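Step one of this worksheet: look at the structure below.
In the numbering used here, the protein residues as written are 4 to 144.
Structure below.
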């Protein structure tokens, strides 16, 4: 992993549609990105031009995260298909590894008490979609 500039390193855990899109976009913008997924078939979503590092490992494993240089990462994004896994990864990144910018995707914001006392940034697709639809309908916020 010596070719990675850790100051601008983004680690993405989860290579579903969103994780792959983010990894491809960051890579296309010449950003340094490592994407981790336990399912090798998921990595097929990455484009042929993907210039980052893709690894088939368990993103909840502390040793895997250390191997990915999480201690030096600027951003960690948790977008697996399991909400509890995302919360755990985000909390480890923020509280254990002191990553400055941590982004967490959740589908059910009822678990907010688990991470509300942190400055983890949260994306909830259903809430974003609802807000966007209301704005499109002229209903504002």
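Backbone N, C-alpha and C fix where the C-beta goes; we use that ideal spot for every residue, glycine too.
Values in this document were obtained by computation on a predicted structure and should not be read as measured data.
Asked: For residue 71, the three-state DSSP class (helix, strand or coil); Found: coil
Asked: Residue 40 versus residue 47: straight-line alpha-carbon distance, rounded; Found: 11 angstroms
Asked: In chain order, each alpha helix (DSSP H) run of at least 4 residues that lies wholly inside the stretch 54-120; Found: 65-70 and 86-94
Asked: Segment limits, beta strand (DSSP E) that includes residue 12; Found: 12-16
Asked: DSSP state of residue 122 mapped onto helix, strand, coil; Found: coil
Asked: Selection from 11, 45 and 12 that minimises the alpha carbon distance to residue 24; Found: 45
Asked: Inter-residue CB distance, residue 114 and residue 90 (contact presumed, cutoff 8 angstroms); Found: 6 angstroms
Asked: Within 8 angstroms, strictly: CB atoms of residue 38 and residue 54; Found: no
Asked: Reference residue 1; option with closest CA among 13, 139 and 20; Found: Nothing can be reported for residue 1: it is not among the residues displayed for the chain, which extend from 4 to 144.
Asked: Inter-residue spacing [alpha-carbon to alpha-carbon] between residue 139 and residue 70; Found: 44 angstroms
Asked: Residue(s) in a DSSP beta bridge with residue 31; Found: Answer is none; residue 31 lacks a bridge partner.
Asked: CB contact flag (residue 133, residue 110, <8 angstroms); Found: no
Asked: Beta-carbon proximity check, residue 103 vs residue 62, cutoff 8 angstroms; Found: no
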